[in-house]
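Presented below is the structure to which this report refers.
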Amino acid sequence: MTATSIDAVSARAAAIKPSATLALTARVRELRAAGQDVIGFAAGEPDFTTPQVICDAAVEALQGGMTHYVPVPGTPDAREAIADRFRSRNGIQCTANDIIVSNGGKLSCYLAIQAMVDPGDEVILPTPAWLSYKPMVELAGGAVVEVPAGPEQQFLASPEAIAAALTDRTKLVIINSPSNPCGTMYEAEQVRAIADVIAGHDRAWVMSDEIYDQLIYGDREHVSFGALPQTADRTITINGLSKTWAATGWRVGWACAPGQDGAVIKAMSRLQSQSSSSITSFLNPAIVAACTNTNAEVEAMRVSFEGRAALMHELVSAWPMVTCPAPAGAFYVFPDISGIFGRTSPGGRLIESAATFAEALLEEASVAVVPGEAFLGCGGNHVRLSFATDDDSIRSGCGRVQAWLEQLKG
Ligand code: PLP
């Protein structure tokens, strides 16, 4: 008897949906390959090239023969450079032993959740949230407890709401600030108040995903949970090369967790040793270069993003029937498009959800945005637009949307 394809796949794998943003990015690539002039606001990746000094360090290491296995959590130099950056920039007291480098920040999050969450554990997630956290928690057998936070509260969960969601089964609270998809970030006193709540619980840790912590606009202050005395020994901080250094394709992320004698990092190392082993060996010197020698390049990219944030916010705010909070960090705006629901697009499609909005916009105006349903919470009233693209594309893409919206009927 031949097995059917359903039999071949575990129930666990069958239940997982592919990443909606990666699927949309692939669709944009396909349409462009077919000759369509698509303006893409969907991809969450900087359009800049990775700073030369980072590329040079990798090439030099490769040409110098660094092509063999390296220690699973990263080379001592790379781990020390990351620890030094966490100490000096984030105020997190850690050593190289408290760091593990993995194949992308996504894998860092996945391994952290695998290392910490048992079946039956609860993980608190303010929503809308990055769409990979929930599947990751479910793959570990945990249950996500959503704390919805809408635009009326800048998409930021209050300490009271987090306190109300804590139970004796809570293991982890996931905080992502600045936020993908919302582009907002917690103020210093909000971080402190949430840290107090978590510190008052018997066993809860924070997974603080700070992958956008270098992309902050205005004079806002970023505070790390790992730097606060009340949560320093129960925080796992995530970061990596992708966003700060325009290096999404390099697949380099890292985690830092000094608490409980590095027990979480050791557990992640064991999991990584039985799955992916280390990252590509010759990328370790590139991490050292990124962490020690790129301040000017990183700041120049941040300044560009700040200008684009203002431009995109201004243009989206002018769209009819749409409201859009100003981004505080990361490279996303997350406008509320629910005022359009019930109307018909110029091409005759009924817009009744963010998904139908995004589909009609792509087909009729050739502009790609991410529908918000996948981000949970009130996401279904919103779409995510990334401004990690040049000013001309922002201007012409937003102009296309404006013209399309002005032709809506009903
Ligand atoms: N965390 C957040 C909030 C993200 O938006 C992303 C990427 O989109 C990641 C983690 C993972 O980044 P990477 O795996 O490219 O390092």
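For the sequence shown, our numbering assigns the number 32 to the initial residue and increments by one for each residue that follows.
A virtual CB, placed ideally from N, CA and C, is assigned to each residue, including glycine.
- Fewer than three Cβ pairs drawn from the stretch 53-66 and the stretch 243-262 lie within less than 8 Å of each other, which leaves the two stretches out of contact.
- In this structure, the CA atom of Glu337 is about 35 Å from the CA atom of Gln145.
- Going by beta carbons, Ala109 and Val84 fall outside the 7 Å limit.
- Inter-residue distance for Leu156 and Gln221 is about 16 Å (C-alpha atoms, whole angstroms).
- Rounded to the nearest whole angstrom, the C-alpha separation of Ala399 and Gln67 is 12 Å.
- Between the beta-carbon of Val347 and that of Leu416 there is about 7 Å, and that keeps the pair under the 8 Å contact cut.
- Listed in chain order, the non-local C-beta contacts of Pro366 below 7 Å within the same chain comprise Val347, Val353, Thr354, Cys355, His413, Val414, local neighbours out to five positions each way being set aside.
- The C-alpha of Pro402 is placed about 33 Å away from the C-alpha of Asn121.
- Ile242 is not a Cβ neighbour of Val204, given a cutoff of 7 Å.
- Distance check between Arg43 and each of Ala171, Cys429, Ala112 places Ala171 closest, using alpha-carbon atoms only.
- The Cβ-Cβ distance between Thr126 and Trp276 does not fall below 7 Å.
- In this chain, the alpha helix (DSSP H) harbouring Lys137 covers 136-147.
- A straight line joining the alpha-carbon of Val40 with that of Ala51 spans about 21 Å.
- Only buried fits Gln303, as 16 or more other CB atoms lie within 10 angstroms of its CB.
- DSSP, read as helix, strand or coil, puts Glu91 in helix.
- Following the DSSP letters along the chain, one finds Met238 inside the beta strand (DSSP E) bounded by residues 236-240.
- Around the beta carbon of Val90, a 10 Å sphere encloses fewer than 16 other beta carbons of the protein chains shown; the residue is thus reported as exposed.
- Here DSSP, grouped into helix, strand and coil, assigns Tyr164 to helix.
- Across the set Thr266, Asp422, Gln305, Gln433, the C-alpha of Thr266 shows the shortest separation from the C-alpha of Ala286.
- For Pro179, the closest alpha carbon among the candidates Ala278, Gln94, Cys213, Thr262 is that of Cys213.
- Proximity of the beta carbon of Gly75 to the ligand PLP is indicated: a heavy atom of the ligand is located closer than 6 Å.
- In the pairwise beta carbon analysis, the stretch 307-318 is classified as touching the stretch 93-112: at least three pairs are separated by under 8 Å.
- Rounded to whole angstroms, the gap between the alpha carbons of Gln94 and Pro316 is 12 Å.
- Taking a 10 Å sphere around the C-beta of Lys165, we find 16 or more other C-beta atoms and assign the residue as buried.
- Here Asp421 is exposed: its Cβ has fewer than 16 other Cβ atoms, across all protein chains shown, within 10 Å.
- A distance of 7 Å or more separates the beta carbons of Gln245 and Val168.
- The Cβ-Cβ distance between Cys322 and Ile113 falls below 7 Å.
- Val148 sits close to Gly173, with the two beta carbons spaced by under 7 Å.
- In this structure, the beta-carbon distance from Met299 to Leu142 falls below 7 Å.
- Thr268 has Ser239, Cys287 as its beta-bridge partners, per DSSP.
- Nearest Cα to Thr158 within the set Arg118, Phe79, Asn211, Arg116: Asn211.
- Of the residues assessed, Gly136 falls on the buried side of the cut-off, its CB having 16 or more other CB atoms within 10 angstroms.
- Exposure of Lys48 is indicated by the presence of fewer than 16 other C-beta atoms within 10 angstroms of its C-beta.
- Buried is the label assigned to Lys202, since at least 16 other Cβ atoms lie within 10 Å of its Cβ.
- Only residues of its own chain outside the window of five on either side were considered, and among them His344 have a CB closer than 7 Å to the CB of Ala357, listed in chain order.
- For Pro77, no alpha helix (DSSP H) run applies, since DSSP gives it neither H nor E.
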